[in-house]
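> Here it is, the structure in full.
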Amino acid sequence: MEKSIFNFKIEYLDGTVLDLHEDKNLWVSSFRISSPEPEHITSTIEGQHGSNYQGTILKDRKIVSSISIEAWDDIDFDMKRDEIFRIFNPLKQFYIIRDLQRGKRMKVSVSNSFDIDYITLEDGEFSIEFVIHSVFLESVGSTEDPFTFEAGKWQIGQGLIDAELKYTHDTTTFRIFNAGDIEIDPRSWYLPLKIIFKGVSNGLSITNQTTGDYWKYNGTTSSGDTIILDRVKAEKNGVSIFNETNGKVIKLAEGWNDFVVSGVDSAFTIQMIFHFYYL
């Protein structure tokens, strides 16, 4: 059986990767991912036309795939059915990485019950549905990975540009590039951002001039200290310093973001770790 152009890999959260064709000899005959479904938030005033637009959120996103199996005989078919139920365990989330776009992945849950239709005693097919709770696709690679095709985590059409992309800096002004379609807001469950600062500071502040976000720490750090901003948490050497900050977060707009760091007294580094997210 040849590999289908719709073939995909499953990456479980423990890091195990399973190729449906190469590892399980399954044929993916179709893979359809829907566009994001918007829910517009509006309000109305009695006696006035239309509604007042207040914003939009995106609802869970659906995927439907059809898959064929091939067995040696009826007993092998029955065992393959059980194996397929284990592969697509609805109790576990996992990533899908399509062969057509190897640099993007989607975190999914199985969203339907399914059975396998017999075509013959040795062949069958089934349709399975997935849901992307986060709505977005994400880059397989993160800003910690080398931006080379040899790294095996990037692809054409991922928003990457022909420029040196750096995510660790040691100067008070620098730029950070978000190659995705989506603003990264660490207050979201699905859009994490980690900022790591190491070095001496007194009243450290980090400003994203592009978004207007401003974060400030009212304490000090020495050369051996590390501050980590992880989603909404702020820690110094593993201990929360949230109450000593202004309680804000740093977001990343699409494209270039211009940063200013102040309150630093000597050598330091600042690193930003995140994935890119796509519609």
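Counted from 1, the sequence shown has number 99 at position 102 by my numbering; the numbering is strictly sequential.
Just so you know, even glycine gets a beta-carbon here, dropped at the ideal spot from N, CA and C.
A quick note: this is a predicted structure, and the numbers were derived from the prediction, not measured.
(1) To which residues does DSSP link Trp253 through a beta bridge?
(2) Enumerate, from N- to C-terminal direction, the unbroken beta strand (DSSP E) stretches of 3 or more residues contained entirely within the stretch 27 to 88.
(3) To the nearest angstrom, how far is the alpha carbon of Trp212 from that of Gln268?
(4) Bridge partners for Gly196 per DSSP, in chain order?
(5) Buried or exposed for Asn109, going by 16 or more other Cβ atoms inside 10 Å?
(6) Is the stretch 87 to 101 touching the stretch 115 to 124 in the sense that three or more CB pairs, one from each, lie closer than 8 Å?
(7) What does the alpha-carbon distance come out to for the pair Thr223 and Glu161?
(8) With a floor of 3 residues, list each beta strand (DSSP E) that falls wholly inside the stretch 178 to 240, ordered by position along the chain.
(9) Helix, strand or coil for Lys248, going by three-state DSSP, please let me know.
(10) Exposed or buried, Thr140, counting other C-beta atoms within 10 Å across all chains shown (16 or more means buried)?
(11) How would you write the range of the beta strand (DSSP E) that Leu10 sits in, first residue to last?
(12) Count Cβ pairs between the stretch 202 to 217 and the stretch 237 to 254 that sit closer than 8 Å; are there 3 or more?
(13) What's the C-alpha gap between Tyr92 and Ile193?
(14) Starting from Glu135, trace the beta strand (DSSP E) in both directions and tell me its first and last residue.
(15) Does the Cβ of Val25 have 16 or more other Cβ atoms within 10 Å, making it buried, or fewer, making it exposed?
(16) For Lys0, which of helix, strand or coil comes out of DSSP?
(17) Would you say Phe127 and Ile64 are within 9 Å of each other, going by their C-beta atoms?
(18) In chain order, what residues of the same chain lie with their CB nearer than 8 Å to the CB of Asp112, ignoring the 5 residues before and after it?
Taking the geometry as given:
(1) Phe174
(2) 34 to 40, 49 to 56 and 58 to 67
(3) 15 Å
(4) Phe265
(5) exposed
(6) Not touching, per the Cβ criterion.
(7) 26 Å
(8) 191 to 205, 210 to 213, 223 to 227 and 230 to 233
(9) coil
(10) buried
(11) Note, Leu10: premise wrong, no beta strand (DSSP E); not H, not E.
(12) yes
(13) 27 Å
(14) Leu134 to Ser136
(15) Val25 should be labelled buried.
(16) coil
(17) no
(18) Phe123
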